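Data block below; observations after.
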Amino acid sequence: MTRRILADLAEQDLICPVCGAVNKVKIDDERGSIVCTECGAVIRENVVDLGPEWRRPESSRAFVGTSGTELGDIKVGKPKLSDKLRAIKLREAVKPIPSPSERLEAEMREFYESLRHILGIPRALVDEAIALYRKAYDAGYKASRREGYAAALYFAVKRHGLGAVTYRSLIEKAGLDRSRFMSAYMEFLKYMSKLGEKVPRVDPRVYLPRIVSALKLDGEIAAQVQKIASDLLKYIMSSPRIRNGRKPQALAAVAVYYACFIAGLEVTQKDVARAAESTETPIRELLNELGKRLYIEISI
């Protein structure tokens, strides 16, 4: 693809204003100008596009021929803007059109990558969430896209016991509606169960460090509270009557509440519920039941 530099220049004689030489010109590759070969005077400036796509290997593709060739032999010049736009469209046209499946994966990756660094989620978990969503999608799962993507991610998070990511933090960071997300997640659980994917059961102990940290406990006292809470959770988890139907965050919150009492620290149910991103009602109910079984008298 070649083009004359400028049609109006190609159709007229170029006379050097200094020495009077006619059509004795060459291209200055570095400056993009037409120079007289007799005396070196610049006859025209900025007439050649020196972009990388037009350069010769040794200097530039802005001209064809040796130095001192006449203007009529100079072929390659500055392309028009319309030509550049046409070239871009042609390059886009030759790209393969992505399939619906490829577009879906690209959309999911964009959504997950926007959350990965904020929530501290490893890349491998993102890949797993994509595989789980596609499996559910192929089976007929049709929840709203963003809520559905988040549901698959939360399922993978729970399956790997990533306690730092709760549904509340996920909803907040992703800007989702809580009720729509919960509906999408419950529907996602149904599809996972039908497809033979084991529904994750989170060990409440993964929430202990975050709850203790949220209560602003540190040093030896934090380690002591966490150790007592972990021992209490062993007892709680050994009793199906106590643990069944309870959220792991609530179980961990109650264990921390008892542990603080045993360690001589004063914390309120509201403080512990906030630290666990739970509510006070399930914590209060569990405290009442455990108070009878553990024979620890606590004012609630």
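Residue numbering for the sequence shown follows the UniProt record's numbering, starting at 1 and increasing by one per position. All residues carry an ideal CB built from backbone N, CA and C; glycine is no exception. Nothing here was measured: the structure is a model prediction, and the numbers come from that model.
Any idea what DSSP makes of C16, helix, strand or coil? coil
R168 and A214: beta carbons closer than 9 angstroms? no
Return helix, strand or coil for residue 301, following the three-state DSSP convention. The first residue shown for the chain is 1 and the last is 300, placing residue 301 beyond what the model contains.
CB-CB under 7 angstroms to E38, same chain, minus the five flanking residues each way: which ones, in chain order? Closer than 7 angstroms at Cβ, skipping near neighbours: C16, C19, A21, K24.
Compute the Euclidean distance between the alpha carbons of residue 356 and G140, then round it to the nearest angstrom. Lying before the first or after the last residue shown, residue 356 is absent from the chain, which here runs from 1 to 300.
Output the distance between the C-alpha atoms of D218 and Y257, rounded to the nearest integer angstrom. 16 angstroms
Let me confirm a value: Y191 is counted as buried when at least 16 other C-beta atoms fall within 10 Å, else exposed. Which label applies? Under this definition Y191 is a buried residue.
Report buried or exposed for P248, applying the criterion of at least 16 other Cβ atoms within 10 angstroms of its Cβ. By the neighbour-count rule (16 or more Cβ atoms within 10 Å), P248 is buried.
Can you tell me whether DSSP reads R56 as helix, strand or coil? For R56, the pLDDT reaches just 44, beneath the cut-off of 50, and the residue's location in the model is therefore unreliable, leaving the point undetermined.
Considering I130, what are the terminal residues of the alpha helix (DSSP H) in which it resides? 123-138
Sub-9 angstroms separation of A263 and I283 beta-carbons: no
Of the residues R123, A156, Y207, which one's Cα is nearest the Cα of L132? L132 has its Cα closest to that of A156, out of R123, A156, Y207.
Extent of the continuous alpha helix (DSSP H) run through V199: Segment: none, V199 is in no alpha helix (DSSP H) and carries neither H nor E.
Excluding five sequence neighbours on each side, which residues of the same chain lie with their C-beta closer than 6 angstroms to the C-beta of residue 348? Because the chain spans 1 through 300 in this model, residue 348 falls outside it and cannot be assessed.
Out of curiosity, what's the CA-to-CA distance linking G291 and R246? Put simply, the backbone Cα of G291 is about 16 angstroms away from that of R246.
Cα-Cα separation between T166 and A150, rounded to whole angstroms: 11 angstroms
Apply the 10 Å Cβ neighbour rule to S67 and answer buried if 16 or more other Cβ atoms are within range, or exposed otherwise. Confidence at S67 is low in this model, with a pLDDT of 43, below 50, so its placement is unreliable and the value that follows should be read with caution. Counting Cβ neighbours within 10 Å, S67 comes out exposed, since fewer than 16 surround it.
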